[in-house]
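Here is the structure we will look at, set down as structure tokens.
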Amino acid sequence: MSRIGDLMDKKAFTLVELLVVIVIIGLISYLSFPALMRVITDTNAKKEFEYFGQTMVDAAKIYIKKEAVDLHEAGAFNGKTVNVGFNQLETDEYVSEPTFTKKGMSCDLDNAFVRVKYSSPNGYKFSYNLECKDVSTKKKYTKKATDKEFTINDLN
Numbered sequence: 001m002s003r004i005g006d007l008m009d010k011k012a013f014t015l016v017e018l019l020v021v022i023v024i025i026g027l028i029s030y031l032s033f034p035a036l037m038r039v040i041t042d043t044n045a046k047k048e049f050e051y052f053g054q055t056m057v058d059a060a061k062i063y064i065k066k067e068a069v070d071l072h073e074a075g076a077f078n079g080k081t082v083n084v085g086f087n088q089l090e091t092d093e094y095v096s097e098p099t100f101t102k103k104g105m106s107c108d109l110d111n112a113f114v115r116v117k118y119s120s121p122n123g124y125k126f127s128y129n130l131e132c133k134d135v136s137t138k139k140k141y142t143k144k145a146t147d148k149e150f151t152i153n154d155l156n
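Here is the structure:
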């Protein structure tokens, strides 16, 4: 009998207490989920913007390798830089229009280009110029050919 009494004296959570804790955790999760999804979506938009810019640079590298002799013979690098437009890369099928996972994201492809700088001892250096807008979050992703990194600004 004393053994049963010892078991009864031990402290434990009741079923009601456990259910209350589970409901509170569920409510916190329910309320924080939309904010978490916005953060994840914005992070993905930034990554996709960077990936597309790097894809343009990679396409321009292939384009320059294929066309370098013609560009040098034509004197295109006399001024030390050449801008290879997105439209040229798309026409020659080096790259295609971006497809973003986020709806409402669009880029100004008419003004998108890759700047190729040539210096004989160092070879070629590439940087891209790109601007995309996200209508749903009202953010503008911009990378100028002269910038080290891209910037994010509100459209307001």
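If you count the sequence shown from 1, position 34 lands on 34 in the working numbering, and the numbers rise without skipping. Each residue gets a CB set at the ideal place from its N, CA and C atoms; glycine is no exception.
- For leucine 130, DSSP records a beta bridge to Lys143.
- Counting only runs of at least 3 residues, the region 66–91 fully encloses the following beta strand (DSSP E) elements, listed from N- to C-terminal order: 81–85.
- For phenylalanine 113 against valine 84, the beta-carbon gap comes to about 6 Å, under 8 Å, which counts as contact.
- Assignment of beta-bridge partners to serine 106 by DSSP yields Lys133.
- With distances taken between CA atoms, asparagine 78 lies nearest to Lys117 out of Lys117, Val135, Ala35.
- Our two residues, isoleucine 22 and tyrosine 51, have alpha carbons roughly 41 Å apart in a direct line.
- The C-alpha of aspartate 147 is placed about 25 Å away from the C-alpha of alanine 68.
- Here leucine 130 is buried. Its C-beta has 16 or more other C-beta atoms within 10 Å.
- Cα atoms of arginine 115 and leucine 36: separation of roughly 37 Å, rounded to the nearest angstrom.
- Around the beta carbon of tyrosine 30, fewer than 16 other beta carbons lie within 10 angstroms, which makes this residue exposed.
- Distances from the alpha-carbon of glycine 104 to those of Tyr94, Lys138, Thr142 put Lys138 closest.
- Judged by their CB atoms, methionine 56 and valine 95 are nearer to each other than the 8 Å cut-off.
- Collapsing the DSSP output to three states places serine 120 in coil.
- If you check the CB distance, phenylalanine 126 and alanine 60 come in under 8 Å.
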